[in-house]
Structures are given as structure tokens and as C-alpha cells.
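S.K.: Counting in full-length UniProt numbering, the sequence shown runs from 1 upward without gaps.
From the three backbone atoms N, C-alpha and C, an ideal C-beta is built for every residue, glycine too.
Just so we're clear, the structure is a prediction, and the values are computed from it rather than from any experiment.
Structure in C-alpha cells, see below.
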Amino acid sequence: MAHRGLPMLGGELFGIACRTTHTLSASRLARSSLSYRALHNTRPRLALFSRSTPPPPTPPSPPSSSSASTSQSSEDDNLADIPLTPFQERIASLESAAIQSPESLPNQLALLRALLEGGEFSGLCRYYEATALSEDAESRSKALLGSEEGWGIFLEALGKAGRLAEAAKFVRRRDALLGVSSSSTSTSASSPSPTPTTTATSAATPTPAPQLNVSPLVASLSKSTTTPADTAASSAGASQPGTPLSPIHVQLAPPPASANAWRGVRYIIGVLLWGFLLLTVVSMMMESTGLMKAGPGPQEFAPEEGKRVRFSDVHGCDEAKSELEEIVEFLKNPEKFSNLGGRLPKGVLLTGPPGTGKTLLAKAIAGEAEVPFFFASGSGFDEMFVGVGAKRIRELFAAAKKKAPAIVFIDELDALGSKRGARDLSYMKQTLNQLLVELDGFEGSEGVIIVAATNFPQSLDPALTRPGRFDRHVNVGLPDVRGRVAILKYHMSNVQYDTDVDPTVIARGTPGMSGADLQNLVNQAAVKASREGSTSVQLKHFEWAKGKPQIPGISADGADRILMGAERRSHYVTDESKRATAYHEGGHALVALHTPGAMPLHKVTIMPRGQALGITFQLPEQDKDSYTRREYNAMIDVALGGRAAEEMIFGRDDTTSGCSSDLSRATDVAARMIRSYGFSDKVGLVALGDEESQFLSGKQKDVIEGEVRA
1 MAHRGLPMLG
11 GELFGIACRT
21 THTLSASRLA
31 RSSLSYRALH
41 NTRPRLALFS
51 RSTPPPPTPP
61 SPPSSSSAST
71 SQSSEDDNLA
81 DIPLTPFQER
91 IASLESAAIQ
101 SPESLPNQLA
111 LLRALLEGGE
121 FSGLCRYYEA
131 TALSEDAESR
141 SKALLGSEEG
151 WGIFLEALGK
161 AGRLAEAAKF
171 VRRRDALLGV
181 SSSSTSTSAS
191 SPSPTPTTTA
201 TSAATPTPAP
211 QLNVSPLVAS
221 LSKSTTTPAD
231 TAASSAGASQ
241 PGTPLSPIHV
251 QLAPPPASAN
261 AWRGVRYIIG
271 VLLWGFLLLT
281 VVSMMMESTG
291 LMKAGPGPQE
301 FAPEEGKRVR
311 FSDVHGCDEA
321 KSELEEIVEF
331 LKNPEKFSNL
341 GGRLPKGVLL
351 TGPPGTGKTL
361 LAKAIAGEAE
371 VPFFFASGSG
381 FDEMFVGVGA
391 KRIRELFAAA
401 KKKAPAIVFI
411 DELDALGSKR
421 GARDLSYMKQ
431 TLNQLLVELD
441 GFEGSEGVII
451 VAATNFPQSL
461 DPALTRPGRF
471 DRHVNVGLPD
481 VRGRVAILKY
491 HMSNVQYDTD
501 VDPTVIARGT
511 PGMSGADLQN
521 LVNQAAVKAS
531 REGSTSVQLK
541 HFEWAKGKPQ
551 IPGISADGAD
561 RILMGAERRS
571 HYVTDESKRA
581 TAYHEGGHAL
591 VALHTPGAMP
601 LHKVTIMPRG
611 QALGITFQLP
621 EQDKDSYTRR
631 EYNAMIDVAL
641 GGRAAEEMIF
651 GRDDTTSGCS
661 SDLSRATDVA
671 ARMIRSYGFS
681 DKVGLVALGD
691 EESQFLSGKQ
701 KDVIEGEVRA
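If you want it as C-alpha cells, here you go:
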């Protein structure tokens, strides 16, 4: 049963339905048509929903070839495989009923209402045009054409589809199809019922449509109509809002490679930035709560373990030991002093050159008193984090208070307690301020004695060295000859040395050496003897070790390197220079032997050492701290004895420049005698240092210079 004039829903929709009427049922027909409309955004769908006016319906024709039948069958099978939504099934059912009964007004109105509710405004308009306003009388539905409700639904859909400007054209067309005289819509009153030609002419006439035949719905819809530009854009195929039957499918285009690279760079930078901020916050929280320690914690400030040191192990500083023995008495028996109102000293400051035994003395105090000993370095408190130094001070004293009575020893105190200035940063003062509070603050530190050592006490802050914080200042100086003898005997007791080795002789040849230097001397002598395969350490080994340089990085061989310098065995010296050097050094030796007040002669050599071609070395029998005028004059005579010997042997014109260092020494001794020691009657009893000498008058300078020459 072929229907040549079946209405088409959106043009091609009813064409498909008509072509498949012979082989498909009503539901099959609806499925094929609606499935065709529900396909993705393809060209047929654009043609179905974007045209402003539908094409004239084409009568269906049977397939003309077997190939067409095959393609149609495969197309039907493909369409049948697409599932329908509930809304599509409803439309399919209503569509089938409307197609089977074109003159059934309820079926037609039900389909129009469903399309209006579903938002298929464009499809509704096309269906109404193809069914009610068709030019072909056989395919026209007269029931739908004469229905005012259907006409109102069509006008509402026309307005919502953005085509309200075409309402006048459709009004004339419907009036013409209903047989209304065209006199009401044109200037000529004698025109018969309109034909397609006159209808087109009247549509082109600018006379407005009669208000009688336009539903009031048009007036309400005109308030929400779009602009002419929007209507033109919609007529030209602009995109319409998505509906359940025609959803909008969006496809995201991949970004270009440059955008991906820039996105990756931003992602990496963001991750690094946020990671850094997160780690910073976490580390600060862990540091403040004590979960992460930037340095030694309370558990690391533990008492020093090992063999206890006694005062009997300390030599060469008897005066310092006697002062510190009182501290031991305080720790052992505090009631002995507190009964009379005395109190335990808070701190003891040990000053003196390096290697004199300051740390050993602090350990001896703890060993004699049998109390815990805590050690800390002045440079080990501050770190890169602000506030770490003050925190470590608190932890150190907290650990010491738990073990009270105890001794806390801080080495190199000048690194921690140097003088404060106005330009110092605040965090640099926090550690020192915390130490001051712990020493003599509000809470106090009863039972804890602070022993500190420094090589430069002048740099300490006055608030740190005042009484109440460091009550005792003990100077630990270099040992004298008796102290050096005691130190040598103590360290030599651990090595096997020859019976002819006299520690007193070695001590006389080591003036200015500290206890650490003497310990190293004994060790170097023992190592030298072991290398040579000796059964005992002999005097020559001690002489070799005595000359071993104490500064790391300097290597030399021979004896007395400290006193006279290293031998330059590879240095070439002519016979004439050797002869002149021998007479020169002989002159020094003769004057030293025959001048009253001169120090005893120790050694004379013409072997080049250091910058000198020869050396005459003198050593006192005992350590001396002051010299008489006679002894200073003897020093000048011995220094000029070499020049006098050269003049006597070679004559005035053949003397050498080897006496340059002798002249420098003699001038220095004479200048100190006149400017500092008051040994000049013309200058008087004054002390003029290098700084004061710059501001002297010219006359006074001439007097001093004349006395030096005399």
C-alpha cells in the first residue's frame, strides 16, 4: 500500500518511511525513521533540522534494482540495531498512528503535542507544512488544516524555532487553502480564491496579515522572538539547542604540541613550588615539636665516659691546680663552706695559650670530685637555623641539672661569648643571652659548675666574665723548665729510653714548648727509634724530635729545627763563603764566652738553616722573665761580634752582608732599652711604644735615634 502523499517529518524522514512501507510494519517504520534522525551530527541530520523551509514531498517509488534492494535491506538492518529511547518510542507510536490515519484529528494533535513537549519545534513546523499546508490536495490533511488547536501549536513552534517572521506567509497560505477570499489581504477586492500563483503574489505584497485569522498566541510569542539577524542566522543553518531527538555531540580537539609542552612545564614548576613549601612547613613543625633534631639533643649531651683523670696526671701548671683544688672541695663537701655562708662558685674561666692543659684540668676536676663531666665546643652550638644555638644551650644545662652535681666544660668560649655590638644581628645574640641566663638567671643552675677555656679572653663579653657567672679566672701559662722536666718525665715513663737521656737537658732546649708539644716530642722520638730499629730511645732521637716542626705541612730533617730552623743540605756554598761564615760565627761564640752577662752558649754551626748561612744559638740555664741592663748590653755585644771578627780577619773593605740580621737584632734591643725600659739618661724614664712614637716631636726623635746609635 503506497501512499504517494504521506507527510514527511523533516523531509527525508517520511521519505524513508514511505520507501520502507511495503516491507516494514508501523513500528519498524517508526524505528527506521527516528533512528535515522537520532544519528550523530551528519549531513542528512543537518539538512533535516536546519532548513527553514522543507523541500516538496517526493512520492515514494519502489526500488529499481537488486543492488538498491540489497543496500536498503542492509540499511534497515543497521537502523534496526540502534535502540530507541522511551521518548523516541513514543514519537514512533504516535507517528505511525498519524501516518495510518491522516484525517484523524486526535492522532495528528497528539503527535504535534508530543513534538512540542519534546522541543522538536523545527520538526513540528515541517510536519505541519508537509501535512496541513501541502500544495498537493491528496497528501493534505484537511482535518489538521481546519484545526485551530493544531494551527495554534504550529504558530507556537514557529515562534520558538525563531521563524515568527514567516507567520504572515503561512497565514495567507492557510487562508488560501481554507477558501478565504484574498480581498482581506490585498488591495484588489475582486480577486477570486487564491491559486498558487496569486498566493505567491500576495505573499510578496507588504500588506500585513489580517489580525482576525492570527491566534493571540502569535502576539505573546512575538515578545520573545529573536532579532532579524538571529532569524537569518537560524534560516541559514545556524546551530539550534539540543533536544532529546537531536542531541548536540561535542568532540574535543587535541591541543597542539606546544600547548602540551607548556602545560608540562607549568605542572613541573607547580609541583616543585608546592613541594618546597610543604617540606619547609613540615620541617619547621617537626623542628618546633622536637621530632627532627638539627643537632645534638638531650640524649647526646651525655657525660664523658672512660678513664678518670686525676690531678696527678696534670703537670707543669701547679698554680692552676692549687686554685682548682678548692672547686673540688666545694663539690666533695659543700657543707664545709656553706656553714659559714659561702656558696659554690658558678663558673671557672681557664685562659692561656693552646696546648697548656686547660681541657685536662677540667677533666681532672670532674675526676677528683667524681661527678659527671659534660663537654661542648663553643663553635658547635649555632647552625643554619635561627634559634638552634639557644636551644642547644638549654638542652645542655637541662642534661647537666639531671646529673647534678656536675661539671660542664665549654671549650673555645670566645666562639660563643664574644663581645656584642650594636650592628650584630639579633639571632647572633640569642645563644649568648641564653648562656647568660643559664649561668645566673632567675632559675639558676644549682649544683652545676661551668668550666670554660679560651685562648683570647680579651674578646669575651663583659657580661659573661663578671663575678656571679665566672667567679674564678685561672691563667694556665706555658710551663717553665721545671714544668717541662715534669711533663717529659711523665710522658717518657711510657717509652723505653736510654739511661744516658737526661730530661733536664731536653727541657733546657725546649723553651716555649707547651705540654702538648712535649708529648708530641716524646712520641716522635719513639717513632724515630722504632724506624731505625733501636732497642731504646736515645738522646739523638730526642734531639731529632726536638727539631721536628710542630706546624703541620712543614717537613724537614736534622736536629733543632724549631730552635735554629731546618738544614739546607742541597744549598751550594763556596769555600770563600764557608770561610767567611766560620769566622763570623766564631766571633759570636768568642764574645758570648767572654762577655759578662751573656747567656750560655748552646750550639754553633755553619750549616745553612732557614735564611741564615750559620747560627750561634744560646740558651739560658733557667727560664727568665726579665733581664738586666748588663744582660741587654751583652746581647748587643754578641750580635755585633760577628761583624767585628770579619773586620779583624778580612779588613773593612772585605766584610760581608751576613751581619744584616745581627744589626737588626742589636738595633731592636737598643731601641727597646731606650724607649720602653728607661735605660737612657737623656730620654728618661718613659715608655714610648710604636704608636706613641709617631706623635713625638722631631727633636725628641733625634734624641732617641742618637741614643740608639750610641
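Quick test of your reading: Lys528 and Ala545, contact by CB under 8 angstroms. State the CB separation rounded to the nearest angstrom.
M.R.: Taking the sequence shown and counting its residues from 1, the one referred to as residue 528 is at position 528. Taking the sequence shown and counting its residues from 1, the one referred to as residue 545 is at position 545. Contact holds; Cβ gap of about 6 angstroms.
S.K.: Taking the alpha-carbon of Tyr497 as reference, which of Ala110, Phe542, Glu691, Phe617 has the nearest alpha-carbon?
M.R.: One-based indexing of the sequence shown puts residue 497 at position 497. Cα-wise, what sits closest to Tyr497 is Phe542.
S.K.: In the DSSP assignment, find the unbroken beta strand (DSSP E) run with Val448 in it and report its ends.
M.R.: Translated into positions along the sequence shown, residue 448 becomes position 448. It spans 448-454 - the beta strand (DSSP E) in which Val448 sits, taken as one unbroken run.
S.K.: What are the boundary residues of the beta strand (DSSP E) that Asp318 is part of?
M.R.: The residue given as residue 318 occupies position 318 in the sequence shown. Run containing Asp318: none in the beta strand (DSSP E); it sits in the alpha helix (DSSP H), 318-332.
S.K.: Do Leu396 and Arg508 have their C-beta atoms closer together than 8 angstroms?
M.R.: The residue labelled residue 396 in the question sits at position 396 within the sequence shown. The residue labelled residue 508 in the question sits at position 508 within the sequence shown. No. Outside cutoff.
S.K.: For Gly270, which of helix, strand or coil comes out of DSSP?
M.R.: Translated into the one-based positions of the sequence shown, residue 270 becomes position 270. Gly270: helix per DSSP, three-state reduction.
S.K.: Determine, using beta carbons only, whether Leu601 and Ala582 come nearer to each other than 8 angstroms.
M.R.: As a working note, residue 601 is residue 601 in the sequence shown. As a working note, residue 582 is residue 582 in the sequence shown. Going by C-beta atoms, Leu601 is not nearer than 8 angstroms to Ala582.
S.K.: Return helix, strand or coil for Leu39, following the three-state DSSP convention.
M.R.: Counting from one through the sequence shown, the residue named residue 39 turns up at place 39. Confidence at Leu39 is low in this model, with a pLDDT of 32, below 50, so the placement of that residue should be treated as unreliable; the coordinate-derived value is given next. DSSP places Leu39 in coil when its eight states are reduced to three.
S.K.: Does Thr280 come out as helix, strand or coil in the three-state DSSP assignment?
M.R.: As a working note, residue 280 is residue 280 in the sequence shown. The answer is helix: DSSP assigns Thr280 an H, G or I state.
S.K.: Please tell me whether Asp500 and Leu539 are closer than 8 angstroms, where the distance is taken between their beta carbons.
M.R.: Taking the sequence shown and counting its residues from 1, the one referred to as residue 500 is at position 500. Taking the sequence shown and counting its residues from 1, the one referred to as residue 539 is at position 539. In contact: Asp500 and Leu539 (Cβ atoms closer than 8 angstroms).
S.K.: Are the CB atoms of Leu331 and Val281 nearer to each other than 8 angstroms?
M.R.: Along the sequence shown, one-based indexing puts residue 331 at 331. Along the sequence shown, one-based indexing puts residue 281 at 281. Taking 8 angstroms as the Cβ cut-off, Leu331 and Val281 do not qualify as a contacting pair.
S.K.: Does the count of Cβ pairs from the region 263-275 and the region 324-343 closer than 8 angstroms reach three?
M.R.: Too few Cβ pairs lie closer than 8 angstroms, so no.
S.K.: Could you have a look at Lys699 and say whether DSSP puts it in helix, strand or coil?
M.R.: Residue mapping note: residue 699 aligns to position 699 of the sequence shown, counting from 1. Helix, per DSSP.
S.K.: I'd like to check one pair, Arg469 with Leu518: are the Cβ atoms closer than 8 angstroms?
M.R.: Residue 518 sits at position 518 when you count from the first residue of the sequence shown. Residue 469 sits at position 469 when you count from the first residue of the sequence shown. Against a cut-off of 8 angstroms, the Cβ pair of Arg469 and Leu518 comes out as no contact.
S.K.: DSSP on Thr574, reduced to helix/strand/coil?
M.R.: As a first step, residue 574 is located in the sequence shown; it is residue number 574 there, counting from the start. It is coil, neither helix nor strand.
S.K.: Can you look up Asp654 in the DSSP assignment and give me helix, strand or coil?
M.R.: As a working mapping, residue 654 is identified with position 654 in the sequence shown. Correct three-state label for Asp654: helix.
S.K.: Output needed for Val591: all residues of its chain with C-beta closer than 6 angstroms, excluding positions within five of it in sequence on either side, in chain order.
M.R.: Taking the first residue of the sequence shown as position 1, residue 591 is located at position 591. Cβ within range, chain order: Asp637, Val638, Gly641.
S.K.: By Cβ distance below 7 angstroms, which residues in the same chain neighbour Ser67 in space, the five residues on each side in sequence not counted?
M.R.: By 1-based counting over the sequence shown, the position of residue 67 is 67. Reliability of the predicted coordinates at Ser67 is poor, the pLDDT of 43 falling under 50, and the value obtained from them is presented with this limitation in mind. So the list is empty, once near-sequence residues are dropped.
S.K.: Quick check on DSSP: helix, strand or coil for Ala612?
M.R.: In the sequence shown, the residue the question calls residue 612 occupies position 612. DSSP places Ala612 in strand when its eight states are reduced to three.
S.K.: Over what stretch of residues does the alpha helix (DSSP H) that includes Phe337 continue unbroken?
M.R.: Taking the first residue of the sequence shown as 1, we reach residue 337 at position 337. Phe337 -> alpha helix (DSSP H) spans 335-338.
S.K.: Quick one: Cα of Asp411 to Cα of Gly658, how far?
M.R.: Residue numbering aside, residue 411 sits at position 411 when the sequence shown is read from its first letter. Residue numbering aside, residue 658 sits at position 658 when the sequence shown is read from its first letter. When rounded, the distance between both Cα atoms is 46 angstroms.
S.K.: State the Cα-Cα distance for the pair Glu103 and Gln251, rounded to the nearest angstrom.
M.R.: As a position in the sequence shown, residue 103 is number 103, starting the count at 1. As a position in the sequence shown, residue 251 is number 251, starting the count at 1. Distance between the alpha carbons of Glu103 and Gln251: 44 angstroms.
S.K.: For Met673, collect the residues of the same chain with a Cβ closer than 8 angstroms to its Cβ; drop the 5 residues on either side in sequence, then sort them by chain order.
M.R.: Start at 1 with the first residue of the sequence shown, and residue 673 comes out as number 673. Taken in chain order, the residues that qualify are Arg629, Tyr632, Phe679, Ser680.
S.K.: So what's Ala598 in DSSP terms, helix, strand or just coil?
M.R.: The count along the sequence shown starts at 1 and reaches residue 598 at position 598. Coil at Ala598, not helix or strand.
S.K.: Is it buried or exposed for Val537, if we count other Cβ within 10 angstroms and need 16 for buried?
M.R.: Taking the first residue of the sequence shown as 1, we reach residue 537 at position 537. So Val537 counts as buried.
S.K.: Have a look at the DSSP bridge pairing and note the partners of Thr351.
M.R.: Within the sequence shown, numbered from 1, the residue matching residue 351 stands at position 351. Thr351 is bridged to Thr454, Asn475.
S.K.: Considering just the uninterrupted stretch of the alpha helix (DSSP H) at Ser693, what are its terminal residues?
M.R.: Taking the first residue of the sequence shown as 1, we reach residue 693 at position 693. Note, Ser693: alpha helix (DSSP H), 690-693.
S.K.: So Val522 packs on Leu478, CB below 8 angstroms; how close in whole Å?
M.R.: As a first step, residue 522 is located in the sequence shown; it is residue number 522 there, counting from the start. As a first step, residue 478 is located in the sequence shown; it is residue number 478 there, counting from the start. The Cβ separation is near 17 angstroms, so there is no contact.
S.K.: Kindly give me the distance between the Cβ atoms of Gln108 and Ser141, rounded to whole angstroms, as I take these residues to be in contact under 8 angstroms.
M.R.: Here residue 108 corresponds to residue number 108 of the sequence shown, with the count starting at 1. Here residue 141 corresponds to residue number 141 of the sequence shown, with the count starting at 1. Yes, Gln108 and Ser141 are in contact; Cβ-Cβ is about 6 angstroms, under 8 angstroms.
S.K.: State the start and end residues of the unbroken alpha helix (DSSP H) segment that holds Val388.
M.R.: Translated into positions along the sequence shown, residue 388 becomes position 388. From DSSP, the alpha helix (DSSP H) with Val388 extends over 388-402.
S.K.: Is it the case that the Cβ atoms of Ile449 and Val314 are separated by a distance below 8 angstroms?
M.R.: The residue given as residue 449 occupies position 449 in the sequence shown. The residue given as residue 314 occupies position 314 in the sequence shown. Against a cut-off of 8 angstroms, the Cβ pair of Val314 and Ile449 comes out as no contact.
S.K.: Distance, Cα to Cα, Leu279 vs Ala161?
M.R.: Your numbering for residue 279 matches position 279 in the sequence shown. Your numbering for residue 161 matches position 161 in the sequence shown. The alpha-carbon atoms of Leu279 and Ala161 are separated by roughly 60 angstroms.
S.K.: Which of the three DSSP states is assigned to Ala593 in this structure?
M.R.: Indexing the sequence shown from 1 puts residue 593 at position 593. The sequence as given places Leu at residue 593; Ala does not occur at that position. It is helical.
S.K.: Taking DSSP's pairing of strands, which residues face Ala422 in a bridge?
M.R.: Sequence index remark: in the sequence shown, residue 422 carries index 422 (1-based). The partner list for Ala422 (beta bridge, DSSP) is empty, contrary to what the question assumes.
S.K.: Using the rule of at least 16 other Cβ atoms within 10 Å of the residue's Cβ for burial, across every protein chain shown, is Asp351 buried or exposed?
M.R.: The sequence position of residue 351 within the sequence shown is 351, counting from 1. It should be pointed out that residue 351 corresponds to Thr in this sequence rather than to Asp. That one is buried.
S.K.: Could you give the residue range of the alpha helix (DSSP H) that holds Val505?
M.R.: Here residue 505 refers to the residue found at position 505 when the sequence shown is read from its first residue. Val505 -> alpha helix (DSSP H) spans 503-508.
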